[in-house]
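Worksheet: the structure to be examined is printed underneath.
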Amino acid sequence: MDIDAIAAEHARRLSGADALIPRPRLWTDGQAGTPLRARDGLALATRSVVRTGTPAALWRPLVEYRLDVRLAGTDPSATLSALLARWDEHLAEAEAVDWDSAAVVTRPSRDTVGTSELLRRGFAPTRVLAVRPADRLGAGPPAVPGVRIRHAEAADLPTLVRLRQELHSYDAQFGVVTTRPDEHDLVTTETRDLLADADSATPSLWIAELYGRPLGFVEVQLPPAAKWVSEYVTADRVGYLASLHVAEEARSTGVGSALAAHAHQLFDEAGVEAVLLHHAQANPRSTPFWYAQGYRPLWSSWYRRPAIG
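Position 294 of the sequence shown, counting from 1, maps to 294 under full-length UniProt numbering, and the rest follow consecutively.
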């Protein structure tokens, strides 16, 4: 099967599985990466690196090897298996055996072809990009007794750093977020930068107070700041819910739901058509919480750490 036929059949299968998945991007001649072929499949193997001491190092392994696949034919599972075998040969040459490396395959969540092949090769569905289509009813979020949501201010820096470090430490259990020795300094710098827009018309950080105590926060990205993630969904105006966390002592009080409802109101007021967010699939708190808020899996990232055993 030729390259164009493989790409066309792959795109048809994805659109049939999920109407919110955009048509796969074309790979251009000379694009960075290593092309791999199977009888009825194509893949592009790429490598990305982040440096220690940068905020990006908090949220991922330092080295990620990624495989983008196009599957066609009567047995796409076998095609994926063949491409994974070729990729493993490629990774063996890279000697990616350090824990701070990962092999990553990101697939549309509803395209379950080849799931067993990924499991057999030591991959686990680890990270999800979830979607919530807009629901602009205009009524606004319901009030929660004792909860007040306000713009974050410069004076909230210590509280936000504490809450964001709590979130980071909890998420580090689930395979992608990585603990770093300079975590406190990195989180402080990143939070201070986010607070720089506290006086703007559309601040990104919001604080939830429970009877006057700041015990939760939410970070949002409205258009055009969320443009970087818009390529993953068929919508013109996309928002991104970057993070939400509630202190342990305020769980089950309605603070988290109030923050989520406030964020969705902001997205609706900005004319957002779809909101995206990342969460760890194994997280027993965030997964049921977000799906109760109207989200569903859109893309699933399968990880293997280290990249090769």
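Think of the CB as a built atom: it goes at the ideal place given N, C-alpha and C, for glycine as much as any other residue.
Computed from a predicted model, the values in this text were never measured in an experiment.
Task: Cut-off 8 Å between Cβ atoms - residues of its own chain near residue 54, not counting five sequence neighbours on either side - done: Sequence-distant partners of residue 54 (beyond 5 residues in either direction) whose C-beta falls short of 8 Å from its own C-beta, in its chain, are 186.
Open item on the list: Quick check on the DSSP output: what are the complete alpha helix (DSSP H) runs of length 4 or more inside the region 95 to 151, in order along the chain?
Closed with: Taken in chain order, the unbroken stretches of alpha helix (DSSP H) that lie wholly in the region 95 to 151 and span 4 residues or more are 115 to 120.
Task: The beta strand (DSSP E) enclosing residue 35, as first and last residue numbers - done: Element bounds for residue 35: 34 to 38.
Open item on the list: Just verifying my parser: in three-state terms, what is the DSSP assignment at residue 88?
Closed with: Three-state result, residue 88: helix.
- [ ] Using DSSP bridges, identify the partner residues of residue 280.
- [x] The bridge partners DSSP lists for residue 280 are 127.
Open item on the list: Our contact map puts residue 275 next to residue 241 with C-beta atoms below 8 Å; I'd like the distance itself, whole angstroms only.
Closed with: About 6 Å separates the CB atoms of residue 275 and residue 241; that is less than 8 Å, so the two are in contact.
TODO: Compare the C-alpha of residue 282 against each of 294, 267, 303 and 266 and name the closest.
DONE: Residue 282 has its Cα closest to that of 303, out of 294, 267, 303 and 266.
Open item on the list: Considering only their Cβ atoms, is the gap separating residue 71 from residue 113 smaller than 8 Å?
Closed with: Contact: yes.
- [ ] Could you work out which residue in 129, 206 and 125 is closest to residue 153 when comparing CA atoms only?
- [x] Of the candidates 129, 206 and 125, the one whose C-alpha sits nearest the C-alpha of residue 153 is 206.
Task: residue 258: first and last residue of the uninterrupted alpha helix (DSSP H) it sits in - done: Residue range 255 to 269 is occupied by the alpha helix (DSSP H) that includes residue 258.
TODO: Indicate the three-state DSSP secondary structure (helix, strand or coil) for residue 286 in the structure shown.
DONE: Of the three classes helix, strand and coil, the one that applies to residue 286 here is helix, per DSSP.
Task: Cβ pair count under 8 Å reaching 3, the region 220 to 238 against the region 179 to 193 - done: Contact annotation: the region 220 to 238 does not touch the region 179 to 193, with fewer than three C-beta pairs closer than 8 Å.
TODO: Tell me residue 70's beta-bridge partners as DSSP assigns them.
DONE: According to DSSP, which records beta bridges pairwise, residue 70 is partnered with 42.
Task: Three or more C-beta pairs below 8 Å linking the region 123 to 131 and the region 170 to 178 - done: As far as the Cβ criterion goes, the region 123 to 131 touches the region 170 to 178, which means the pair count is three or higher.
TODO: Identify, in the order they occur along the chain, each residue of the same chain with its Cβ nearer than 6 Å to the Cβ of residue 13, setting aside the five sequence neighbours on each side.
DONE: For residue 13, there are no CB contacts under 6 Å within the same chain when 5 residues up- and downstream are skipped.
Task: The beta strand (DSSP E) enclosing residue 238, as first and last residue numbers - done: Residue 238 -> beta strand (DSSP E) spans 238 to 246.
Open item on the list: Closest to residue 88 by C-alpha separation, out of 292, 22 and 103, would be which residue?
Closed with: The shortest C-alpha to C-alpha distance from residue 88 to any of 292, 22 and 103 is the one to 103.
Open item on the list: Quick check on this structure: which residue in 222, 156 and 145 has the alpha carbon closest to the alpha carbon of residue 211?
Closed with: Selected option, being the one with the closest Cα: 145.
TODO: With DSSP as the reference, label residue 310 as helix, strand or coil.
DONE: Past the edges of the chain, shown from 1 to 309, lies residue 310, and the structure says nothing about it.
Open item on the list: Which residue wins for smallest C-alpha separation from residue 35, given the options 204, 297 and 66?
Closed with: With distances taken between CA atoms, residue 35 lies nearest to 66 out of 204, 297 and 66.
Task: Range covered by the beta strand (DSSP E) that runs through residue 213 - done: The continuous beta strand (DSSP E) containing residue 213 extends over residues 213 to 221.
Task: Distance, residue 223 Cα to residue 269 Cα - done: When rounded, the distance between both Cα atoms is 11 Å.
Open item on the list: By alpha-carbon positions, which one of 197, 290, 296 and 230 ends up nearest to residue 243?
Closed with: The shortest Cα separation from residue 243 among 197, 290, 296 and 230 belongs to 290.
TODO: Determine which residues share a DSSP beta bridge with residue 207 and list them.
DONE: 150 and 217, per the DSSP bridge assignment.
Open item on the list: Does residue 43 pass the burial test, meaning 16 or more other C-beta atoms within 10 Å, or should it be called exposed?
Closed with: Of the residues assessed, residue 43 falls on the buried side of the cut-off, its CB having 16 or more other CB atoms within 10 angstroms.
- [ ] Note the first and the last residue of the continuous alpha helix (DSSP H) segment covering residue 318.
- [x] No answer is possible for residue 318: the residues shown for the chain start at 1 and end at 309.
Open item on the list: Measuring straight from C-alpha to C-alpha, what distance separates residue 263 and residue 25?
Closed with: Here the alpha carbons of residue 25 and residue 263 stand approximately 30 Å from one another.
Open item on the list: Taking 7 Å as the cut-off, is the beta-carbon of residue 230 closer than that to any non-hydrogen atom of the ligand PLP?
Closed with: The ligand PLP is not among the ligands present in this structure, which contains no ligands whatsoever.
Task: residue 230 versus residue 147 - alpha carbon distance - done: If you take the alpha carbons of residue 230 and residue 147, they lie about 32 Å apart.
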